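Have a look at the structure below before the remarks.
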Amino acid sequence: GQQLNQSPQSMFIQEGEDVSMNCTSSSIFNTWLWYKQDPGEGPVLLIALYKAGELTSNGRLTAQFGITRKDSFLNISASIPSDVGIYFCAGKPGGGADGLTFGKGTHLIIQP
Amino acid sequence: DTGVSQDPRHKITKRGQNVTFRCDPISEHNRLYWYRQTLGQGPEFLTYFQNEAQLEKSRLLSDRFSAERPKGSFSTLEIQRTEQGDSAMYLCASGRVVNEQYFGPGTRLTVT
Chain X
208 GQQLNQSPQS MFIQEGEDVS MNCTSSSIFN TWLWYKQDPG EGPVLLIALY KAGELTSNGR
268 LTAQFGITRK DSFLNISASI PSDVGIYFCA GKPGGGADGL TFGKGTHLII QP
Chain Z
4 DTGVSQDPRH KITKRGQNVT FRCDPISEHN RLYWYRQTLG QGPEFLTYFQ NEAQLEKSRL
64 LSDRFSAERP KGSFSTLEIQ RTEQGDSAMY LCASGRVVNE QYFGPGTRLT VT
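One line per chain: the protein sequences are X and Z, in this order. Everything in the first sequence is counted per the working numbering, starting at 208 for the first residue and increasing by one. Everything in the second sequence is counted per the working numbering, starting at 4 for the first residue and increasing by one.
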């Protein structure tokens, strides 16, 4: 089945640093979504991408839909303590299937 | 817009018992999804409804699992004869646009 490889698995950074994480797939996706999940809560949608090459921002977050349609990137600029959490990429294949395939997440830890 | 709600938030049950979870989607969202998430993993798709019709089911949805959305609003997920391997967070999501899914806080199931 389809799998998403998300990296890095975890990141330890200083407050104020920029963060980059990515997601790659063995197959093509028509939509890429990025979510953030806090402990004991459901994932919160951050950014949705619909076209290959698309670059979309949401405040300090920027995400890109890769040209090959097999990857996506999320950048966070000037990290702050509330950015701590687990970030998931999710992809939606074409062909009418509506369920999302998720990566295993990137655990972001910010050191003061 | 009050968001997706799920009930209960936590459920502890003994192996072999049946459990039922409820999801109330964001009002006017006709699409409703169920996912399962285990520790250290991303959510895994279980099933999807458009209005009251169940349009997609994952192979993860064994015969012991059944989901309904009788009036096209709230949904229930029932697990019969629970097993220890069923212990997980069960997440519900809803959406109006085909490519966006908004998650609820989840129901954490522990099977002893």
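Cβ coordinates follow ideal geometry from the N, Cα and C atoms, glycine included. Nothing here was measured: the structure is a model prediction, and the numbers come from that model.
Can you tell me whether residue i is buried or exposed, with buried defined as 16 or more other CB within 10 angstroms of its CB?
i                : result
Ala91 (chain Z)  : buried
Ile274 (chain X) : exposed
Arg99 (chain Z)  : exposed
Gly88 (chain Z)  : exposed
Gln244 (chain X) : buried
Ser264 (chain X) : exposed
Gln104 (chain Z) : buried
Ala249 (chain X) : The sequence shown places Gly at residue 249 (chain X), rather than the Ala named in the question. Buried, by the Cβ-count rule.
Gln325 (chain X) : Past the edges of chain X, shown from 208 to 319, lies residue 325 (chain X), and the structure says nothing about it.
Gln40 (chain Z)  : buried
Thr5 (chain Z)   : exposed
Out of the options, which one is the CA nearest neighbour of residue i?
i                : options                                : result
Ile283 (chain X) : X:Thr231, X:Ile274, X:Pro246, X:Ile317 : X:Ile317
Glu222 (chain X) : X:Pro288, X:His314, X:Asp305, X:Ser264 : X:Pro288
Gln83 (chain Z)  : Z:Gly45, Z:Val114, Z:Tyr38             : Z:Val114
Phe280 (chain X) : X:Gly247, X:Gly249, X:Asp290, X:Gly310 : X:Gly310
Asp278 (chain X) : X:Arg267, X:Gly292, X:Gly298           : X:Gly298
Trp37 (chain Z)  : Z:Ser30, Z:Pro46, Z:Lys14              : Z:Pro46
Looking at the strands, I want to know which residues DSSP matches up with residue i.
i                : result
Ser30 (chain Z)  : Bridge partners of Ser30 (chain Z): none, in fact.
Val101 (chain Z) : Looking at the DSSP assignment, Val101 (chain Z) forms no beta bridge with any residue, so it has no partner.
Tyr294 (chain X) : X:Lys243, X:Thr313
Ala255 (chain X) : X:Leu240
Phe48 (chain Z)  : Z:Tyr38
Glu71 (chain Z)  : Z:Thr79
Are residue i and residue j touching if we call contact CB-CB under 8 Å?
i                : j                : result
Ser234 (chain X) : Pro300 (chain X) : yes
Leu307 (chain X) : Phe24 (chain Z)  : no
Tyr257 (chain X) : Asn102 (chain Z) : yes
Thr79 (chain Z)  : Tyr93 (chain Z)  : no
Gly75 (chain Z)  : Ser8 (chain Z)   : no
Gln176 (chain X) : Thr313 (chain X) : Since the first residue of chain X shown is 208 and the last is 319, residue 176 (chain X) is not available in this structure.
Arg72 (chain Z)  : Leu112 (chain Z) : no
Ala259 (chain X) : Thr238 (chain X) : no
Members of the segment 293-315 of chain X that neighbour chain Z once the beta carbon cut-off is set at 8 Å: Phe295, Ala297, Lys299, Ala304, Asp305, Gly306, Leu307, Thr308, Phe309, Gly310, Lys311, Gly312
Residues, ordered as in the chain, of the segment 254-282 of chain X that lie near chain Z by beta-carbon distance below 8 Å: Ala255, Tyr257
Short-range partners of chain X found in the segment 62-86 of chain Z, where Cβ spacing is below 7 Å: none
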